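See structure below.
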Amino acid sequence: MKKKKLWTLGVMLILVLSTILAACGGSDTKDTGSKDTSTGGDTASSGEPKTLVYGRGGDSTALDPATVTEGESFKVTVNIYETLINFGEKDVTLQPGLAKSWEPSEDGLTYTMQLEEGVKFHDGTDFNAEAVVKNFERWKAGADKFPYYHSQFTMGGKQIVESITAEGDYTVIFKLAQPQATFLKNLAMSPFAIASPAAFEKNDEALKDHPVGTGPFKFVEWKRNDSITIEKNPDYRIADLPKIDKVIFRSIPDNSARLNALNNGEVDVADGLSPSDKASIESNANLQLIERPSMNVGYLGLTVTRPPFDNVKVRQAVNYAIDKQALVDAFFEGLGEPAKNPMPPLIAGYNDEVKGYEYDPEKAKSLLAEAGYDGKEIELWAMPVPRPYMPDGQKIAEAIQKNLADVGMKSKIVTFEWATYLDKAENGEADAFLLGWTGDNGDADNFLYTLLDGDNIGSNNYTFYDNKELHKLLVAAQTEMDEDKRNELYKQAQEIISKDAPWVPLAHSTPILAGNTKVTNYIAHPTGSDRLDVVDMQ
Numbered sequence: 005m006k007k008k009k010l011w012t013l014g015v016m017l018i019l020v021l022s023t024i025l026a027a028c029g030g031s032d033t034k035d036t037g038s039k040d041t042s043t044g045g046d047t048a049s050s051g052e053p054k055t056l057v058y059g060r061g062g063d064s065t066a067l068d069p070a071t072v073t074e075g076e077s078f079k080v081t082v083n084i085y086e087t088l089i090n091f092g093e094k095d096v097t098l099q100p101g102l103a104k105s106w107e108p109s110e111d112g113l114t115y116t117m118q119l120e121e122g123v124k125f126h127d128g129t130d131f132n133a134e135a136v137v138k139n140f141e142r143w144k145a146g147a148d149k150f151p152y153y154h155s156q157f158t159m160g161g162k163q164i165v166e167s168i169t170a171e172g173d174y175t176v177i178f179k180l181a182q183p184q185a186t187f188l189k190n191l192a193m194s195p196f197a198i199a200s201p202a203a204f205e206k207n208d209e210a211l212k213d214h215p216v217g218t219g220p221f222k223f224v225e226w227k228r229n230d231s232i233t234i235e236k237n238p239d240y241r242i243a244d245l246p247k248i249d250k251v252i253f254r255s256i257p258d259n260s261a262r263l264n265a266l267n268n269g270e271v272d273v274a275d276g277l278s279p280s281d282k283a284s285i286e287s288n289a290n291l292q293l294i295e296r297p298s299m300n301v302g303y304l305g306l307t308v309t310r311p312p313f314d315n316v317k318v319r320q321a322v323n324y325a326i327d328k329q330a331l332v333d334a335f336f337e338g339l340g341e342p343a344k345n346p347m348p349p350l351i352a353g354y355n356d357e358v359k360g361y362e363y364d365p366e367k368a369k370s371l372l373a374e375a376g377y378d379g380k381e382i383e384l385w386a387m388p389v390p391r392p393y394m395p396d397g398q399k400i401a402e403a404i405q406k407n408l409a410d411v412g413m414k415s416k417i418v419t420f421e422w423a424t425y426l427d428k429a430e431n432g433e434a435d436a437f438l439l440g441w442t443g444d445n446g447d448a449d450n451f452l453y454t455l456l457d458g459d460n461i462g463s464n465n466y467t468f469y470d471n472k473e474l475h476k477l478l479v480a481a482q483t484e485m486d487e488d489k490r491n492e493l494y495k496q497a498q499e500i501i502s503k504d505a506p507w508v509p510l511a512h513s514t515p516i517l518a519g520n521t522k523v524t525n526y527i528a529h530p531t532g533s534d535r536l537d538v539v540d541m542q
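Take the sequence shown: its position 81, counting from 1, is numbered 85 in this note's numbering, and each next residue is one higher.
Shown next as structure tokens:
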């Protein structure tokens, strides 16, 4: 009996010790992407590392922001890198970044910037004026490799930044070939974040997979089509930031699966949610709805170099054939409005006088007949991932397919993996394709010139649309420093675009995100790239 008691006591001691050891070992270094003792809001009260798990609809294509043009990459890089100028926390006002001040000359051709001192890149090298110069020299020299730089800082085939020089360690002087109204706004855009020269001089291609910036978070790991992990930069230049220790970006393509992951505690924040999810989010006491200010457009692009869309009457017919209001009602559920221009109404220079195309199937049929359309089936490309301007590309494509069939245009819906989709569209391989744009800097130039000017064929102009009269207006607007005159030029540009119809502008949306209520101070930025340094977890 005594022996049995001793044996029982021994078992109890082992169990107690096992429990204590398990508690001590509960935080490990594995990033499984699921909520455990090492991730999520539950760690905040225990003093253990705070990990935010972010669920999103698609993976990044690369982590060198200078080489990409899509938002899934910028969502990550905006937290690893910094730009010379920042946008405001909730808007696109210009604020100090790595440059603490800047001074333009009276003629608008010279900008002198004073830089922050004592900043280190994640590889331990110094951020200084020479590092800024080397980044710009890298971009300037790589026309094919850095299309965004040449899209934003080239006019009429001529580079805007004539020279950039370091004057001492912390002063940079830009000399421009001609005035550019958007120069400072462009510098705040995610593609123009400053990378470590030591990193790209050692291996330029490696930055796509192993980014090295000065930002609040450092890169840890990328599991393709699964997750990207970043961790707190202990040497970040702003004291007490970031508030959290680690962020895991999880790729969950299916909208309902992403919301389920949020409900189940597998992720702490989920973006790209369907407007139809709003009611269930608001009724769940454990969740918070986060609305992103609208600065976007979703569209159906019509590649003007491919039959049948090389005929303007066919493009106009497709505009008349699509019931935009029905699309908005069915898929945006009160969080969108039909579009008639390639940029949203909140952007200065928006032309509300443009009539646009009403839903008129009979008019569409008439135009197709005039165009001599032969009835050949087209390919209709559906986006494989949800985007702020396109909550469900497949379903919207199906609705458009029905609209086109009603006027005698047969279409076959096709799709590809996201990076492949973008590459093929950029190469002009699509007949008609769903895509969209979230503004980078709040300026009309970033919509009209970036997306529809001939200079940007091979970059963001996937329709291959090239109108010389439009080009003259857009280039003139870039150098016009009088805002009223600029706005008038953009209004004229929208009239030309509407008539030529390279797009069917579909909708401007108010994107929604959701988060666990333990997540605090999450600020959804209108550009779609959210800085997570101020986010905390209760």
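Backbone N, C-alpha and C define an ideal beta-carbon position, used for all residues, glycine too. A quick note: this is a predicted structure, and the numbers were derived from the prediction, not measured.
Taking 9 Å as the cut-off, the Cβ atoms of Met485 and Ala185 count as close.
Using a Cβ distance threshold of 9 Å, Val136 and Ile168 count as a contacting pair. Phe204 sits in a helix when the DSSP states are folded into three classes. Restricting attention to Asn259, Ala505, Lys472, Ala330, the CA atom closest to the CA of Lys359 is found in Ala505.
Only residues of its own chain outside the window of five on either side were considered, and among them Thr233, Ile234, Glu235 have a CB closer than 7 Å to the CB of Val224, listed in chain order.
About 16 Å separates the beta carbon of Ile461 from that of Phe451, a gap too long to meet the 8 Å contact definition. Around the beta carbon of Ser260, fewer than 16 other beta carbons lie within 10 angstroms, which makes this residue exposed. Nearest Cα to Glu93 within the set Asp427, Phe420, Ile527, Asp540: Ile527. By the beta-carbon neighbour count (other beta carbons within 10 angstroms, threshold 16), Pro348 is buried. Per DSSP, His475 has no beta bridge partner at all. Under DSSP, no beta-bridge partner is assigned to Thr514. Sequence-distant Cβ neighbours of Gln498 in its own chain, meaning closer than 6 Å and more than five residues away, are Asn345, Asn355, Val358. Shortest Cα-Cα distance from Trp226 to any of Phe253, Pro246, Asp244, Glu362 involves Phe253. Counting only runs of 4+ residues, the alpha helix (DSSP H) found wholly inside the segment 131 to 172 occupies 133 to 145, 151 to 156, in chain order.
Only buried fits Thr73, as 16 or more other CB atoms lie within 10 angstroms of its CB. Pairing Ala192 with Ile351 gives a Cβ-Cβ distance that is not under 9 Å.
Partner residues in the beta bridge of Lys227, as assigned by DSSP, are Ser231.
In this structure, Gly353 sits away from Asp95, with a CB-CB distance that is not shorter than 9 Å. With a minimum length of 4 residues, the unbroken runs of alpha helix (DSSP H) contained wholly in the segment 68 to 110 fall at 75 to 81. Per DSSP, the unbroken beta strand (DSSP E) holding Lys416 starts and ends at 415 to 418.
For Ser370, DSSP records no beta bridge to any residue. Taking all protein chains shown into account, Ala210 has fewer than 16 neighbouring C-beta atoms within 10 Å of its C-beta and is therefore exposed.
Between the alpha carbons of Pro390 and Thr175 lies a distance of about 42 Å. Collapsing the DSSP output to three states places Gly519 in a strand. Taken through DSSP and simplified to helix, strand or coil, Pro365 comes out as helix. In this structure Gly379 is exposed. Its beta-carbon is surrounded by fewer than 16 other beta-carbon atoms within 10 angstroms. In the three-state reduction of the DSSP assignment, Ile248 falls in the coil class. Separation of the CB atoms of Trp507 and Leu306 is rounded to 7 Å, and the pair is thereby assigned contact status at 8 Å.
In chain order, Ala147 place their CB closer than 6 Å to the CB of His154, counting only its own chain and leaving out the 5 sequence neighbours on each side. In the same chain as Glu473, and ignoring 5 residues on each side of it, the C-beta atoms closer than 7 Å to its own belong to Ile500, in chain order.
Contact annotation: the segment 366 to 383 touches the segment 311 to 322, with at least three C-beta pairs closer than 8 Å. Val216 is the residue among Val216, Tyr494, Leu455, Gly160 whose C-alpha sits nearest the C-alpha of Ala197.
Residue range 175 to 180 is occupied by the beta strand (DSSP E) that includes Val176.
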